[in-house]
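Student:
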Amino acid sequence: MRTRSDNQKSIILDVLSAENRSLSISMIAQKTGINRHTVARHLDLLEMFGKVRKVEKGVAKKYMIIEDIPVSGLIDLSEDLIIILDSNFYIQYLNSAALKFFKTTLSNSIGKNLSDISLPLLAKQTILDQISNFSFKKPIILEIKNEDQRWFQITILGYSLLHAPNQIAIIFTDITLKKKIETDLKIAQEKYTIAFQSSPDAILISDIKTGELIEVNEATCTISGYSREELIGKNSKELGLFKDPTIRDRVIHNLSLYILNNRLDIEIVRKNGKTAYISLVTNEIKIGERICLLSTARDITEIKEAQEKIKKSEELYRLLADNTQDVIWILDLTTQRFTYVSPSVYRLRGFTPEEVLTQSMQEVMTKESYEKIISKVPQIVQDLKNGTISPYNTSRVDQIRKDGTIVTTEVVTSFLCDRTGKYSHVLGVSRDISTRIKIEEKLRESESQYKFLAESIKDVVWIIDPTDLTVKYVSPSVIGLLGYLPEELINEGFEKLILSENLENLIQTIKERYHKCIHQIKHGLFFNDEIQVLTKRGEKKWIEITSQFSPNPTSGKIQLVGIVRDISEKKKINQELLESEAKYRLVSENVHDLIWMISADTHNILFVSPSIRNYYGYLPEEVIGSPFSVLIPEPQYNEMMKKLHQNIISFESGDESKRNFRFEIEHLHHDGHRLITEVSTTLITTTSRKVVNILGLSRDITEEKRNKHALMKSEAMFKSIFNESPIGHILCNHYGNIIEINPVLMDEFGIENNSVLVGQCAWNIIPLTNEEHITILSGNKISREINISFDYLWKMNIIPTNRCKTAIFDMKITPLLTMNPDEVGYLIHLLDITEKRKIEKELIAKRTP
Numbered sequence: 001m002r003t004r005s006d007n008q009k010s011i012i013l014d015v016l017s018a019e020n021r022s023l024s025i026s027m028i029a030q031k032t033g034i035n036r037h038t039v040a041r042h043l044d045l046l047e048m049f050g051k052v053r054k055v056e057k058g059v060a061k062k063y064m065i066i067e068d069i070p071v072s073g074l075i076d077l078s079e080d081l082i083i084i085l086d087s088n089f090y091i092q093y094l095n096s097a098a099l100k101f102f103k104t105t106l107s108n109s110i111g112k113n114l115s116d117i118s119l120p121l122l123a124k125q126t127i128l129d130q131i132s133n134f135s136f137k138k139p140i141i142l143e144i145k146n147e148d149q150r151w152f153q154i155t156i157l158g159y160s161l162l163h164a165p166n167q168i169a170i171i172f173t174d175i176t177l178k179k180k181i182e183t184d185l186k187i188a189q190e191k192y193t194i195a196f197q198s199s200p201d202a203i204l205i206s207d208i209k210t211g212e213l214i215e216v217n218e219a220t221c222t223i224s225g226y227s228r229e230e231l232i233g234k235n236s237k238e239l240g241l242f243k244d245p246t247i248r249d250r251v252i253h254n255l256s257l258y259i260l261n262n263r264l265d266i267e268i269v270r271k272n273g274k275t276a277y278i279s280l281v282t283n284e285i286k287i288g289e290r291i292c293l294l295s296t297a298r299d300i301t302e303i304k305e306a307q308e309k310i311k312k313s314e315e316l317y318r319l320l321a322d323n324t325q326d327v328i329w330i331l332d333l334t335t336q337r338f339t340y341v342s343p344s345v346y347r348l349r350g351f352t353p354e355e356v357l358t359q360s361m362q363e364v365m366t367k368e369s370y371e372k373i374i375s376k377v378p379q380i381v382q383d384l385k386n387g388t389i390s391p392y393n394t395s396r397v398d399q400i401r402k403d404g405t406i407v408t409t410e411v412v413t414s415f416l417c418d419r420t421g422k423y424s425h426v427l428g429v430s431r432d433i434s435t436r437i438k439i440e441e442k443l444r445e446s447e448s449q450y451k452f453l454a455e456s457i458k459d460v461v462w463i464i465d466p467t468d469l470t471v472k473y474v475s476p477s478v479i480g481l482l483g484y485l486p487e488e489l490i491n492e493g494f495e496k497l498i499l500s501e502n503l504e505n506l507i508q509t510i511k512e513r514y515h516k517c518i519h520q521i522k523h524g525l526f527f528n529d530e531i532q533v534l535t536k537r538g539e540k541k542w543i544e545i546t547s548q549f550s551p552n553p554t555s556g557k558i559q560l561v562g563i564v565r566d567i568s569e570k571k572k573i574n575q576e577l578l579e580s581e582a583k584y585r586l587v588s589e590n591v592h593d594l595i596w597m598i599s600a601d602t603h604n605i606l607f608v609s610p611s612i613r614n615y616y617g618y619l620p621e622e623v624i625g626s627p628f629s630v631l632i633p634e635p636q637y638n639e640m641m642k643k644l645h646q647n648i649i650s651f652e653s654g655d656e657s658k659r660n661f662r663f664e665i666e667h668l669h670h671d672g673h674r675l676i677t678e679v680s681t682t683l684i685t686t687t688s689r690k691v692v693n694i695l696g697l698s699r700d701i702t703e704e705k706r707n708k709h710a711l712m713k714s715e716a717m718f719k720s721i722f723n724e725s726p727i728g729h730i731l732c733n734h735y736g737n738i739i740e741i742n743p744v745l746m747d748e749f750g751i752e753n754n755s756v757l758v759g760q761c762a763w764n765i766i767p768l769t770n771e772e773h774i775t776i777l778s779g780n781k782i783s784r785e786i787n788i789s790f791d792y793l794w795k796m797n798i799i800p801t802n803r804c805k806t807a808i809f810d811m812k813i814t815p816l817l818t819m820n821p822d823e824v825g826y827l828i829h830l831l832d833i834t835e836k837r838k839i840e841k842e843l844i845a846k847r848t849p
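What the sequence shown shows, in full-length UniProt numbering, is residues 1 to 849, in sequence order.
#1: Please specify which runs of the beta strand (DSSP E), each continuous and at least 3 residues long, are wholly inside the UniProt domain "PAC" (661–713), giving them in chain order.
#2: How should Ile156 be labelled, buried or exposed, when 16 other C-beta atoms within 10 angstroms of its C-beta is the threshold for buried?
#3: For Cys517, count neighbouring C-beta atoms within 10 Å of its own C-beta (all shown protein chains included) and say buried if the count is 16 or more, exposed if not.
#4: Buried or exposed: where does Tyr63 fall if 16 or more other Cβ atoms within 10 Å of its Cβ makes it buried?
#5: Which residue comes first and which comes last in the beta strand (DSSP E) that contains Asn393?
#6: Roughly how many angstroms separate the alpha carbons of Thr104 and Ala97, rounded to a whole number?
#7: Buried or exposed for residue 883, please, with buried defined as at least 16 other CB atoms from any protein chain shown within 10 angstroms of its CB.
#8: Please determine, among Leu142, Gln336 and Tyr346, the residue with the shortest C-alpha to C-alpha distance to Ile328.
#9: Going by DSSP in three states, Asn758 sits in which element: helix, strand or coil?
#10: According to DSSP, which residues form a beta bridge with Trp763?
#11: Do you know offhand how far Ser342's Cα is from Pro353's?
#12: Helix, strand or coil: how does DSSP classify Glu492 here?
#13: Suppose only complete runs of 3+ residues qualify. What are the beta strand (DSSP E) ranges in the region 327–400, listed by chain order?
#14: Could you spell out where the beta strand (DSSP E) holding Ile117 opens and where it closes?
#15: Report the rounded CA-to-CA distance for Phe89 versus Ile738, giving the unit in angstroms.
#16: Expressed to the nearest angstrom, what Euclidean distance is found between the alpha-carbon atoms of Val407 and Gln399?
#17: Roughly how many angstroms lie between the CA atoms of Val251 and Asp432, to the nearest whole one?
#18: Hey, His425 and Leu333 are a contact pair by Cβ (cut 8 Å); roughly how many whole angstroms apart?
#19: Look up Thr814 in the DSSP assignment and give the residues it is bridged to.
#20: Please report how far the alpha carbon of Pro620 lies from the alpha carbon of Ile612, in whole angstroms.
#21: I need the DSSP call for Arg4, collapsed to helix, strand or coil.
#22: What residue does the beta strand (DSSP E) around Val429 start on, and which one ends it?
#23: For Lys642 versus Phe651, is the C-beta distance shorter than 8 Å?
#24: Between Leu213 and Ile232, what straight-line distance do the alpha-carbon atoms span, to the nearest angstrom?
#25: Suppose you measure from the CA of His253 to the CA of Ile291; what does that come to, to the nearest Å?
#26: Using only alpha-carbon positions, find the residue among Ile721, Phe663, Ile287 and Ala600 that is nearest to residue 851.
#27: Tell me the DSSP secondary structure of Ile69 in three-state form.
#28: If you compare alpha carbons, which of Asp148, Ser477, Trp596 and Ile285 is closest to Asp459?
#29: Counting only the same chain and skipping the five closest in sequence on each side, list residues whose C-beta sits under 6 Å from that of Ala202.
#30: Which of the three DSSP states, helix, strand or coil, is assigned to Gln636?
#31: Cutting at 7 Å between CB atoms, please list the residues of its own chain near Asn733, excluding the five before and the five after it.
#32: What's the C-alpha gap between Phe749 and Thr834?
#33: Going straight from the alpha carbon of Lys572 to that of Leu675, what length do you get?
#34: Whole angstroms are fine: how far does the CA of Asn638 sit from the CA of Leu697?
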């Protein structure tokens, strides 16, 4: 509501705008009809807020309107919190960001001393002391952290708003993000330093052009014998570090050929003059605008010394090789020819060592073995360099004897390096395993026969004459299956064993097969049947029959030989499974939620319920067998699988709590609209806790999320209106107990914390008449808005404040629905109309004669 003062300011601005020239105070007073002292006071305020400008012409002071953007308007554009003080620390202005952050208004702040109002960021005495001691000579910059753990930079500097000199600007800049970045950067630098300095390998960074060492770690100093100060700023040539001075040029050349992680075994000279061997790996890196070389060196002196000792002991090993039954040999990888073969090769292949030394690797073995071996060599060499395989490899090789026959050998190999670290030779041992292979084959044959007998011992073997369908032989295991002794069935028909409704069909089937197969016995056709039979006790059992027509070894007569196996339990389980699957499918096909199952190994979809069409727009047959990633966006899929993998590892290690897992994902429907689903999974395992499948249930929570978001938005909007409203508000429950009071009313009551009144009954502190109370509290419900005006004297025993005054309020009570429809809360609006009533009384008094 505009006040009389606001109207007078507006009239003054209209006059200045209409005249479009500078006017004196007396001229403005004359044109507006406003007292000149009042005009002068209004002009001072308008000048402060950038609405008018004072023009001094001699001793006269004139004012003109400002058409450009006021300084205060520019300040309001800033996101920083800005407070303008005069030289006596009285507040002249707060920008919009400051008003919002400190939850105040210009009318409640302007003209007050900084020490008289409570601003959270200025609560510390040290900050107030800095402001009070400000000398205008140079800005003061401070950093503080508030209760919400947010960092602010406070800048205190001299400031002049138009023609008002010696003003102080206090600027609060939120630097929380900057602080976090600085902290993260510091942690990252510390991690890099720890990793760099604690590495057991030497790490060097040098300029790629000059070779100047920029940084080295402690291990570099240990290996080279030089201190860090002696290394930094120098290159390898100045230090005489490499025994071969061309090493660095070779490294640069390899990098120019894009050979990444090129590895060289080189000899270096330590500070004390002694030599050492290192394995050097180099890469090109960029630091700022500078191209550098990152080198990692590992001390392999002991390894090289050991290799030299092995070579020096060659005579001893040669003596051993010349007298062993196995063939020991060395092969040159470059020429693929043998450089050494032990004499035992003569017993293996019939060639002398001298003859073998003239043969190539391809001449020694069969074509198949050669192609198999030669294709593996590059990968073996690479794996050895990476350290991912054992240095010893075992292979089976078919070698060619001098007489043209083939001998199968087992070959154990080890790759040898030369002084440069390059794999140049293969050391191998070949052993004749022909006899062992024959023994293994006989053993496998024997094991196969034994296994057949062991697995068939519970089954019933029988022989039937297909011409008259009489039983000629039955094994003793028939007793356990049917309860008959073998002699009770031999030379008898099998009619008493078969259900009457199946007997005729079975006999007809046997006769038809006999006539069809009588000329095809040599093909060994097998027949499989499942039928129900009767035991001696009259019980029904399901059996599986595997049969074949074959000639009798003695008479040559065709007979039907078969094996019978009890499958009653299998049939029962299958029936139960079918019933269970039918029930499960009925549930899965009618439930709204999506049920799915994927393989724990391949992550392929094994099953999805028909409701997948609602979630993804696919039919089940379109996705079954596909990877689960076709349904879930890649980032969320990778994160989900990572967590599932961790759960599976923990579960298989014994943590039962990891069997179930729940998460939310956001994905697109096939038609483009977005869905949010809540997914619950459980691990399907074997009896040994091995996870084989993952069963999941997805529920659409898009609407739930949308409603929750809308509720939060509505609550935030209500909170904003409640706190920012210039009218006093009290929020009560349906009993009338106070839940919250907004800042305006807190200021009116003179309290800083609304906890003083929270929980009290609103009607105990708001004086109403008995009739008004009855109207409000009748049935604990309000079915309409109620407007009441009343006089109120603040009571010291209810509200702890230094204020004690009588005020007149205009009260409106609005009912609020709660979650329980039988309960209604209240929102009480209190508008202080004391001044309004006072003016009305004065007007009435003036009109009364």
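Virtual Cβ for every residue (Gly too), placed ideally from N, Cα, C. Note that this is a predicted model, so its numbers are computed, not measured.
Tutor: Judging by the given coordinates:
#1: Inside the UniProt domain "PAC" (661–713), DSSP marks whole beta strand (DSSP E) runs of 3 or more residues at positions 674–685 and 691–700, from first to last along the chain.
#2: Burial call: buried.
#3: For Cys517, the number of other beta carbons within 10 angstroms of its own is at least 16, and it is reported as buried.
#4: Counting Cβ neighbours within 10 Å, Tyr63 comes out buried, since at least 16 surround it.
#5: Looking at the DSSP string, the run of the beta strand (DSSP E) that includes Asn393 is Tyr392 to Ile400.
#6: One alpha carbon belongs to Thr104, the other to Ala97, and they sit about 11 Å apart.
#7: Here the chain comprises residues numbered 1 to 849, so residue 883 is not present and cannot be evaluated.
#8: Checking every option, the nearest Cα to that of Ile328 belongs to Tyr346.
#9: According to the sequence displayed, residue 758 carries Val and not Asn. DSSP, read as helix, strand or coil, puts Val758 in coil.
#10: DSSP output for Trp763 lists no bridge partner at all.
#11: A straight-line Cα-Cα distance of about 7 Å links Ser342 and Pro353.
#12: In the displayed model, Glu492 falls within coil according to three-state DSSP, outside both helix and strand.
#13: 327–332, 337–341 and 392–400, all fully within the region 327–400.
#14: Under the DSSP assignment, Ile117 falls outside any beta strand (DSSP E); it carries neither an H nor an E label.
#15: The straight-line gap separating the alpha-carbon atoms of Phe89 and Ile738 is approximately 38 Å.
#16: Taking the straight line from one Cα to the other gives about 5 Å.
#17: Whole-angstrom Cα-Cα distance: 46 Å.
#18: Correct: roughly 6 Å between the Cβ atoms.
#19: Note: Thr814 sits in a beta bridge opposite Leu827.
#20: It is roughly 7 Å from the alpha-carbon of Pro620 to the alpha-carbon of Ile612.
#21: Note: Arg4 maps to helix in three-state DSSP.
#22: From DSSP, the beta strand (DSSP E) with Val429 extends over Tyr423 to Asp432.
#23: No, the pair does not count as a contact, with Cβ atoms beyond the cut-off.
#24: Their backbone Cα atoms lie some 5 Å apart in a straight line.
#25: Distance from the CA of His253 to the CA of Ile291, rounded to the nearest whole angstrom, comes to 15 Å.
#26: It is not possible to answer for residue 851, since the shown part of the chain is limited to 1 through 849.
#27: Note that Ile69 has pLDDT 49, beneath the 50 cutoff, so the model's placement of it is unreliable and no number is given.
#28: Nearest of Asp148, Ser477, Trp596 and Ile285 to Asp459, Cα basis: Ser477.
#29: Cβ within range, chain order: Ala219, Thr220, Ile223 and Ala297.
#30: Helix, per DSSP.
#31: Ile739 and Gly825, listed in sequence order.
#32: Near 15 Å, if we compare the C-alpha coordinates of Thr834 and Phe749.
#33: Their Cα atoms are separated by approximately 43 Å.
#34: Here the alpha carbon of Leu697 sits roughly 19 Å from the alpha carbon of Asn638.
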